[in-house]
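When the count follows the numbering used here, it moves up by one through the sequence shown with no breaks and lands on 186 for the last residue.
The C-beta atom is built at its ideal place from N, Cα and C for all residues, glycine as well.
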Amino acid sequence: MKILKITYLILSGLSFLLVCGFLSLFIFSYTPMGMSHSQNPVFTLNHGNITTDQNYEVIYSHQSPPVFNGDHLDYYCIQLEKFEFQSPKENEWIFGREDNSLFSDARKQTAQQGNIGKCFNGETDAESINVASKIWSIKARRSHIEGAVVIMYHRETNRLLYVSFET
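Printed below as a string of structure tokens:
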């Protein structure tokens, strides 16, 4: 009789933990809690040190649902009125080819992830002379890039493409 009582208590505890786990997973999956970035384009402009005192419009965007391990893909294509900086000493934007191969790979991967051709009206070369980029961060292993935050600007369309991903 005592063994049945102990077994019952153990199974009750495990059932309770299982229900709590499923409930928290359900809540986490269907709420904005844990989202990696704001859908507000001001966040993207500030991230790139671009003046927010202008008219801008989000052309398209994608924000992946939150997951426990942090994997995500977020991107925003924004039509700008002007490409001016908030602080006059901005030297992190590079037009054209990158000298650093890691930065070059990050630009190419984020361009592909954020659908650069759609944002920049057919321009698919992330290192074109008409495309500037600001690399905010890169997470890399020895053989490949696992994540990056890159902002790209296309001179001809006056559009900004913000891409953040992690795998």
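>> Check for me: the alpha helix (DSSP H) holding Arg178 runs from which residue to which?
In response: Looking at the DSSP string, Arg178 is not in any alpha helix (DSSP H); the run it does join, the beta strand (DSSP E), is 178-185.
>> Quick test of your reading: Tyr75 and Glu100, contact by CB under 8 Å. State the CB separation rounded to the nearest angstrom.
In response: 6 Å
>> On the DSSP letters alone, give me the boundaries of the alpha helix (DSSP H) that Ile170 sits inside.
In response: No alpha helix (DSSP H) contains Ile170, which is instead part of the beta strand (DSSP E) from 164-173.
>> Buried or exposed, going by whether 16 or more other CB atoms sit within 10 Å of the CB of Ile135?
In response: buried
>> Quick check: the Cα distance between Ala167 and Ile148, rounded to an integer number of angstroms?
In response: 21 Å
>> Quick check on the DSSP output: the beta strand (DSSP E) that includes Asp93 runs from which residue to which?
In response: 91-99
>> As a quick exercise: from Arg178, Gln132, Lys137, Gly141, pick the residue whose alpha carbon is nearest that of Ile164.
In response: Gln132
>> Rounded to whole angstroms, what is the Cα-Cα separation between Pro85 and Asn59?
In response: 17 Å
> Where does Lys137 sit, in a helix, a strand or coil, going by DSSP?
Replying inline: helix
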